[in-house]
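Numbering (the working numbering), first residue to last: 781 to 1105. For each residue, glycine too, the CB sits at the ideal point set by N, CA and C. Predicted model, so just to flag it, every value in this text is computed and none were measured.
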Amino acid sequence: MPSVFRSLRAKTLFALACVPLLLLTACGGSGGSSTTTGGGDTNKNANISITVGGKLDTESKLLTKLYTLVLRDAGFKVNEKPAFGNNTIVFQGIKSGAIDLYPEFTATGLDALKKTSSLNDQQDYQTVKDGFKQQFQIDWLDYSPLNDTYAICTKSGNSMGLKNISDLASKAKQITFDLPSDSSYVFDYLKPKYGLTLESFKAVHKVDYTIGFKEVGGGQSDANFCYSSDNGINANNLIALDDDKHAFPAYHPAPIVRDSVLQKSPDIATALNALAPKITTDVSLQLQKAVADNVNSGMSQSKAITEAATKWLKDQGFCKKNGCQ
781 MPSVFRSLRA
791 KTLFALACVP
801 LLLLTACGGS
811 GGSSTTTGGG
821 DTNKNANISI
831 TVGGKLDTES
841 KLLTKLYTLV
851 LRDAGFKVNE
861 KPAFGNNTIV
871 FQGIKSGAID
881 LYPEFTATGL
891 DALKKTSSLN
901 DQQDYQTVKD
911 GFKQQFQIDW
921 LDYSPLNDTY
931 AICTKSGNSM
941 GLKNISDLAS
951 KAKQITFDLP
961 SDSSYVFDYL
971 KPKYGLTLES
981 FKAVHKVDYT
991 IGFKEVGGGQ
1001 SDANFCYSSD
1011 NGINANNLIA
1021 LDDDKHAFPA
1031 YHPAPIVRDS
1041 VLQKSPDIAT
1051 ALNALAPKIT
1061 TDVSLQLQKA
1071 VADNVNSGMS
1081 QSKAITEAAT
1091 KWLKDQGFCK
1101 KNGCQ
């Protein structure tokens, strides 16, 4: 598809050609509905408004901010509603029209469709993509490598040499395991692939989720239930063990957008699909750390998220069209 942006040189030649006609016409026609970028190019998306929403946790707020900034760079008028609500509220929001687009996760999408994971990432994505299109007239754009799934964490460089969950299973009788009281469902995934149950371990501590990180980091326990992209991993010098038998479903984020909104401009998909492959689990952890550092330096969380997201996007070569604002 040919670009709608004209070079300055072409625009200048067009203007000179119009000079003899100035007394007869307003050379350039009805250009009053478009705006121009700093370089003088027509911004065809300036009159398209998009409301981007998001969930309550820091990672989701970062994704919402990244989507917002990239869409603004593509010239869209974006109304950002970060921390719009929990899973149920944001899903109702996009269906009702209160928001147009938000970051959703593949396994959460399966839950909305009342389907179980195939434990095949691409197949699960295709299931939610087809199901949302058919049932809700909502499109899933490209998903990111980031996988915020269930995990088992242990200390980096641990004395038992644990690198994957198979290692953990083979030494379970030597391991003290931390688990929130409402998270025993994790064994519904671990038992079929690894044979692990609560009784497999030397001891199980029922503790608050955040306490588990501190106990493993401090050596009071050997492993804890965690989420694979939680900043508590880096903050407590832990690692997430490799799920070598793929027991856990994938939670890959992707922008989901109502069909009626996506039809306004193909640039919505183009801009966000270019961003998708850049967002990995390591990048999420890096950005969450940057947010925590910014907050510790005295910034509000909102400003800390904006600063971290903007810097990362610029480092990745985005923000070159209209700027990330």
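Residue j beta carbon less than 8 Å from that of residue i
| i | j | result |
| --- | --- | --- |
| LEU921 | ILE932 | no |
| LEU776 | HIS1032 | Residue 776 lies beyond the range of the chain shown here (781 to 1105); nothing can be said about it. |
| LEU846 | ALA1056 | no |
| ASN944 | ASP1062 | no |
| VAL996 | LEU970 | no |
| PHE1005 | PRO960 | yes |
| ALA952 | PHE981 | yes |
| PHE1098 | VAL832 | no |
| GLY834 | LYS824 | no |
| TYR905 | THR929 | no |
| TYR882 | ILE869 | no |
| PHE967 | VAL984 | no |
| ALA863 | LEU843 | no |
| THR848 | VAL1071 | no |
| LYS1069 | ASN1016 | no |
| ILE955 | ASP1002 | yes |
| SER946 | TYR974 | yes |
| LYS1058 | GLN1096 | yes |
| LEU899 | HIS1026 | yes |
| GLN1081 | VAL1075 | yes |
Environment of residue i [buried if 16+ CB atoms lie within 10 Å]
| i | result |
| --- | --- |
| PRO829 | Per the sequence shown, residue 829 should be read as Ser rather than Pro. Exposed: under 16 other Cβ atoms inside 10 Å. |
| PRO1029 | buried |
| TYR965 | exposed |
| GLY819 | In this prediction, GLY819 scores a pLDDT of 46, lower than 50, which makes its location untrustworthy; no coordinate-derived value is stated. |
| THR1086 | buried |
| PRO1035 | buried |
| SER1122 | Residue numbering for the chain in the displayed model covers 781 to 1105; residue 1122 lies beyond these limits and cannot be assessed. |
| GLU884 | buried |
| GLN903 | exposed |
| THR990 | exposed |
| PRO1046 | exposed |
| THR977 | exposed |
| LYS909 | buried |
| GLY889 | buried |
| ASP901 | buried |
| LYS935 | buried |
| GLY937 | exposed |
| ARG866 | Looking at the sequence shown, residue 866 is not Arg but Asn. ASN866 should be labelled exposed. |
| THR896 | exposed |
First through last residue of the alpha helix (DSSP H) which encompasses residue i
| i | result |
| --- | --- |
| LYS971 | 966 to 974 |
| LYS1094 | 1081 to 1095 |
| PHE993 | 989 to 998 |
| SER829 | SER829 -> not in any alpha helix (DSSP H); beta strand (DSSP E) instead, spanning 829 to 833. |
| TYR1007 | Looking at the DSSP string, TYR1007 is not in any alpha helix (DSSP H); the run it does join, the beta strand (DSSP E), is 1003 to 1007. |
| PHE746 | There is simply no residue 746 to check, as the chain begins at 781 and stops at 1105 in what is shown. |
| LEU942 | No alpha helix (DSSP H) holds LEU942; DSSP gives it neither H nor E. |
| LEU959 | Unbroken run through LEU959 is the beta strand (DSSP E), 956 to 959; no alpha helix (DSSP H). |
| LYS1069 | 1061 to 1076 |
| ALA1030 | From DSSP, ALA1030 is part of no alpha helix (DSSP H); its letter is neither H nor E. |
| GLY1012 | 1012 to 1015 |
Start-to-end residues for the beta strand (DSSP E) that takes in residue i
| i | result |
| --- | --- |
| LEU881 | 881 to 885 |
| SER980 | Element bounds for SER980: n/a, residue is neither H nor E. |
| ALA1054 | Taken as a continuous stretch (DSSP letters only), ALA1054 belongs to no beta strand (DSSP E), being part of the alpha helix (DSSP H) at 1047 to 1055. |
| THR934 | 930 to 935 |
| ALA863 | Run containing ALA863: none; DSSP gives neither H nor E here. |
| LEU1018 | 1018 to 1020 |
For residue i, the residue or residues it bridges with in DSSP
| i | result |
| --- | --- |
| ASP919 | VAL1037 |
| LYS913 | LYS913 pairs with nothing; no bridge assigned. |
| ASN900 | Looking at the DSSP assignment, ASN900 forms no beta bridge with any residue, so it has no partner. |
Within-8 Å CB hit, residue i to chain D
| i | result |
| --- | --- |
| THR844 | Checking the listed chains, one finds no chain D in this structure; it contains a single protein chain. |
Does the contact criterion of 3 or more C-beta pairs under 8 Å hold for the stretch 852 to 868 versus the stretch 1044 to 1062?
yes
Counting pairs of beta carbons, one from the stretch 905 to 920 and one from the stretch 1036 to 1049, are three or more of them closer than 8 Å?
yes
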